[in-house]
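Residue numbers (our numbering), protein chains in the order written: chain A, 30 to 302; chain B, 30 to 302; chain C, 30 to 302; chain D, 30 to 302; chain E, 30 to 302; chain F, 30 to 302.
Note that CB positions come from ideal geometry on N, CA and C, so glycine has one too.
As structure tokens, the structure follows; a few thoughts come after it.
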Ligand SMILES: [Mn+2]
Ligand SMILES: [Mn+2]
Ligand SMILES: [Mn+2]
Ligand SMILES: [Mn+2]
Ligand SMILES: [Mn+2]
Ligand SMILES: [Mn+2]
Ligand SMILES: [Mn+2]
Ligand SMILES: [Mn+2]
Ligand SMILES: [Mn+2]
Ligand SMILES: [Mn+2]
Ligand SMILES: [Mn+2]
Ligand SMILES: [Mn+2]
């Protein structure tokens, strides 16, 4: 159980769902251990949050356990989306812990938001990767079939074709150097106000120094406080969230960061949404 | 390059091929790093082998590098089988380093032997696993479409249906406790003589104490010398070999064992085949 | 959840309880992670057991989760004993996963057996260690306040005072070299027949080559099959069991062995008790 | 021996004492290895310090080895305090390497300062934790029985009750975002001048990206240079110091940072006190 | 092969050479694994670079494999220098992956530049270390026999004698705090214009939080983007490059950073030189 | 300090000396950490030994710390030999903890025995390796300049030239399969009686399953009890001992084994010599 997620399903405002998909990681595997690792390394966090003056256990979080993947990725995503949609239908916010980034598609399908905000080192705008349109490097592209606009915050790499696609009107790329300023302006200018948002946190948005436990490290990334500020800026408008791409190949610092950002989302959403 | 595999492809009697497939491991992933890890931990072995009074570098071994997988496993197996068949057509022995056990099917297709000898903790006789007939837990079953008989040496676990399948005439299960005696009788009684054999070494046949770096550890397995003796007994009759299921989640002892067994195969085959 | 422990509490014949006590380990800590690690590394085992022709999921195993320790060890042991006693009162067999060896005292109190069989490298017969009578090095001594006799199988080290205490009539020490023969004679001669037994498996009974993930490694220990045979010999007469002293400081081989031995206990007990 | 701590006890100006207490860590244990690990990873530092134009080996540092804990934490703290008091009586500065944060109480008792400066992610202001008033989460609260004022620099989490306690006049909380400015003002405005200070460095004040080898990681923390600047600002007024909460669960970066900060303390104190 | 280094030797503009020397590391060894580890952790980088709008595979990079060391370090350096000189004679840029820093001397000999720019935590200006003038702590001093000037960027430690040597006219030390500004001014003011430069990247220039996998961690170092900006500033003028001191004692983040900086060098040099 | 080595130098019967040489390991480095690691992992052993009914602390063991290497290996060996000779002159037994196997030469020089018994996977009979006659692969050859006869117990690999050299009258090779029987016959037949012996334990004599933390793993080796029995057989006649080739690249099981064997030597020698 995610620490503090002690609310019953029926009464829950937030439902944590583990989605340990680990099918298309091209370099270092291990995202199948992501949900349990994030739960484990969130154990030592205080229940109380000073900024919002609230207790995590008072915010109505339920942990529904994991939805276990099988070999057919599209079928799994359908099944996961159905699970998450049932959360949405209960007026709760689905909070998915990956697993590889691909699972975001299920979250987006379930929430059906206007706007997707992705924190990610990678554009993930490929049409297909190695012939597979459900590879984790394609997930933002797939999501654009559902959403009207995607912000990709912290993005610093992609193929030429992805950068071309990123030029289109429905995509805004925020380079890592501008992420802090972007969060500030989002928060202050109310740009996202009125939109329905889905927030996806690919932990490789962080610099590998802070998050080495991920499948495709990409240097020159965000600092933890920049990720936090982006989460705080987006959370008030979000109707779904996920944190993905955590594996077990480090000393726990990546899972600790991921779990902290998920809590930050909940505290902010509960206080401001 | 596998250490000592210095012969050119055209002149080679043995061709090492890496097959870093890591698609269907259900527990701990990492077989994608198997070929490189086996190569790395074979570095410190002496060129000279005392028992056969031969040098590895004199035996005509070539390392053809890796055949990189993609998402479509059956297509990959076809492609790999074609590569390995070209080795067979050149009258050389294909020696595959996995990768998950599934790659054995490509070796069996390429060699088309009468008999398959598998060293494995698992029966791998499932018809399908999670709906997937190309899961690594099905590979011996798949191979029985090609071979007339399979010995599964060191097997100590399987589903009820697998044990049923193992009752059929075309399968002989040798429990770990009998593996030593089996190797002795194979060697002395010439039982395999006259057959064309393919030898597949799933490193989890060894007890996890000796080989913790594998995806599905199964206690109560073989000691390294028992594996060695089985390799020595089978190698003289073998026309193809593989060693599979090594991952990078230990301190190198599993890869060191796998590389040693592969060398043992080559030394024995060159001396006695 | 321990894999396959899918039975409801009311209907259960075996109740798994995690007892992650990690208070008095003198060398390498980490037994607090033992229960979860044993559960995790038992994931890849087949449901079906060939020898007993039974399925684990058919045997009525429930996982009651963990009983979390706090600073007052005697109070914790009381609380844990109460939990385990409620299992006994329901005519189920308590199966504790440690945590340090100290937790065995709670199991012994709950079951109140005639005889304790401990697989352990250490005598654990100290009256106190560093002034603390609840140190894990005292647990067999404490248990002798409850049981009539203790077998310490695999024991190879202790203080002079412990070896003196071991001379008494109520203790039988079986050195590692004799453990195989002891298991055979127990099984064949029915020596334990008629007694009520509690079986405690301190994983450091195994040689460190097989179980490095434990707090106080002691070389020259048992092989995994010897541990297995001892479990098979004792299980038919046992009314409670535990496996203890697993930590997270290895590559999982220790937890895999511990989980396998616990399953071996259940399969044997269900078939023969 | 701490590298360079080559001075005899009688002639020493600084006495390093290891206090490997590891009793109340609630999440990841291992602080018992802290002192040796800090010594080991301080091996590669140059003797010479450019900023202060001094050699570490000229500054009179002695390493008195470790004071080994036993089960009775309050008794241990008494004993440790006596050891450290003997250092103070010899007009030397005690420099403790933990071990868990609890050991700071012994240092504070020995030095009896006016002011405590703690670098810490946590308030450590609980009255008790799990019924234990000597838990590491209570150490700053305990110290307030001795000191007149405590600065908690880098603090970003605590219970509601701790934040309430932090409102009192005798506590100043400096959030991580203000730590740099705080160090600058301390240094420039001479605020600490005239007071007797004890400096306690809980290494989890640093962001987990820089110090993953600690028991309770808390993201959004200090950068190493901010820690350094705080040490430089406080050291001239300090009569005792400790660095605590380092464990062995990383690649050494946490111990390297801790050892560097301890040296920074000594260089600054020797030059400016 | 370094990922994307697919050009033939004859056609190459950049030649990657592995130099796994691991002879004089005084603290943590393992640089012998540096070249393979940098290659491995560069696998997941995109071929395309957005800033320069170029593909790595279009830039003419060849990987010549490793030049294996033997016990005689000066002889090895001679041999390596000859290899690298042959690259220079072919009008290609040698790009060495260490190995310990000592290998830079071979690069400097081969390129014979006017100016050496070293990114390093250490001055490396010792005349000898432990009686050995070829120790890695002497390499910049040795290089000053060849070059007219050395910039040591990020330097924060050295012996008193080294700091004295650094006062001479032919050395400029840029402390870590000034490295960002230095890179900006180099880029904007064209200071290096007209000179022939050799760039050596000792990965310990980075803070250990970003690069723990190196032999002698030194806290308070550069952030990855600062290293990147220094590489971008120097690359247009450089005729040779190396990245050194990466070992295998972390989770890959150090090798990932090193490989990224090497690519950054190539992209910048190809675009601007 | 080696645990229990509490006797003063003058009163000592056994003097432990650390010799952390790590200069010529060709594959995995780290023997420089061997002495400290063996000391650390010997912490949890009981003072009392049941078989000999003696306490380690009663046997007069002193730990003289480490003799730190420098770049000139022959000079270091001279220096180390002088240290060890001073132990011999005091009628004490030198007990060296390596470091690489090369340090045995210093022990042999100091003790000047008739016979050398080496437990080793490797013959170590090369005249030179890579042009270096002080490589660890040459140490038994070098020792034959001093001793009249060498037994190499557990040897399973070497170059053709080494096997030739092993045919000479002054060398006896005992293959791993015969090591148990050899120990028995040594013990029972008093073959070594009357000779002065030096015992060198290269931990790679053990199978890598038991001792993965060594530079050049070689499968098919000895079990821990076989090593123990060889030590017991030889110790009564030995005047010097070492245990070498332990590194820090495992979970401590190799160091635990090495420390245990060293204690076994002392207990046996004290009881029977
Ligand atoms: Mn992504
Ligand atoms: Mn990404
Ligand atoms: Mn298999
Ligand atoms: Mn298998
Ligand atoms: Mn025990
Ligand atoms: Mn024990
Ligand atoms: Mn604290
Ligand atoms: Mn803290
Ligand atoms: Mn350097
Ligand atoms: Mn450096
Ligand atoms: Mn040797
Ligand atoms: Mn050896």
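Contacting residues, own chain, Cβ-Cβ under 7 Å from residue i (five flanking each side not counted)
{"i": "residue 243 of chain E", "result": "232, 233, 274, 275, 276 and 283"}
{"i": "residue 188 of chain D", "result": "155"}
{"i": "residue 77 of chain F", "result": "84"}
{"i": "residue 278 of chain D", "result": "57, 59 and 242"}
{"i": "residue 172 of chain B", "result": "133, 134, 137, 145 and 179"}
{"i": "residue 235 of chain A", "result": "250, 251, 253, 256 and 286"}
{"i": "residue 89 of chain B", "result": "36, 40, 41, 42 and 43"}
Which of helix, strand or coil DSSP assigns to residue i
{"i": "residue 111 of chain A", "result": "helix"}
{"i": "residue 169 of chain B", "result": "helix"}
{"i": "residue 214 of chain E", "result": "helix"}
{"i": "residue 231 of chain F", "result": "strand"}
{"i": "residue 237 of chain D", "result": "coil"}
{"i": "residue 43 of chain F", "result": "strand"}
{"i": "residue 187 of chain A", "result": "coil"}
{"i": "residue 201 of chain C", "result": "strand"}
{"i": "residue 178 of chain D", "result": "strand"}
{"i": "residue 93 of chain A", "result": "strand"}
{"i": "residue 84 of chain C", "result": "strand"}
Contact check, residue i vs residue j, beta carbons under 8 Å
{"i": "residue 131 of chain A", "j": "residue 163 of chain A", "result": "yes"}
{"i": "residue 281 of chain C", "j": "residue 123 of chain B", "result": "no"}
{"i": "residue 33 of chain F", "j": "residue 127 of chain F", "result": "no"}
{"i": "residue 46 of chain C", "j": "residue 93 of chain C", "result": "yes"}
Own chain partners of residue i with C-beta closer than 6 Å, once the 5 adjacent residues on each side are dropped
{"i": "residue 246 of chain D", "result": "237"}
{"i": "residue 147 of chain E", "result": "169, 181 and 229"}
{"i": "residue 301 of chain A", "result": "265"}
{"i": "residue 260 of chain A", "result": "290, 293 and 294"}
Sequence-distant residues of its chain with Cβ nearer than 8 Å to residue i (five each side left out)
{"i": "residue 97 of chain F", "result": "49"}
{"i": "residue 103 of chain A", "result": "163"}
Taking Cβ-Cβ distances below 8 Å as the criterion, which residues of the stretch 274-287 of chain C are in contact with chain B? Against chain B - using a Cβ distance shorter than 8 Å - the residues of the stretch 274-287 of chain C are 279, 280, 281, 282, 285 and 286.
Cβ contact check for the stretch 133-142 of chain E and the stretch 110-121 of chain E: 3 or more pairs under 8 Å: Touching, yes.
Using 8 Å as the cut-off, can you tell me whether the stretch 249-265 of chain E makes contact with the stretch 34-42 of chain E, which would need three or more C-beta pairs spanning the two stretches below that distance? The stretch 249-265 of chain E vs the stretch 34-42 of chain E: no contact.
Along the stretch 81-102 of chain E, what residues have a CB closer than 8 Å to any CB found in chain F? Listed by position along the chain: 99, 100 and 101.
What are the residues of the stretch 152-174 of chain F that lie near chain E, defined by any Cβ-Cβ distance shorter than 8 Å? Here the close residues are 159, 160, 161 and 164.
The stretch 258-270 of chain A / the stretch 214-225 of chain A touching (three or more Cβ pairs under 8 Å): Flag = yes, the stretch 258-270 of chain A and the stretch 214-225 of chain A touch.
Using a beta-carbon distance cut-off of less than 7 Å, what residues from the stretch 246-268 of chain A approach chain D? Result list: 253, 254 and 257.
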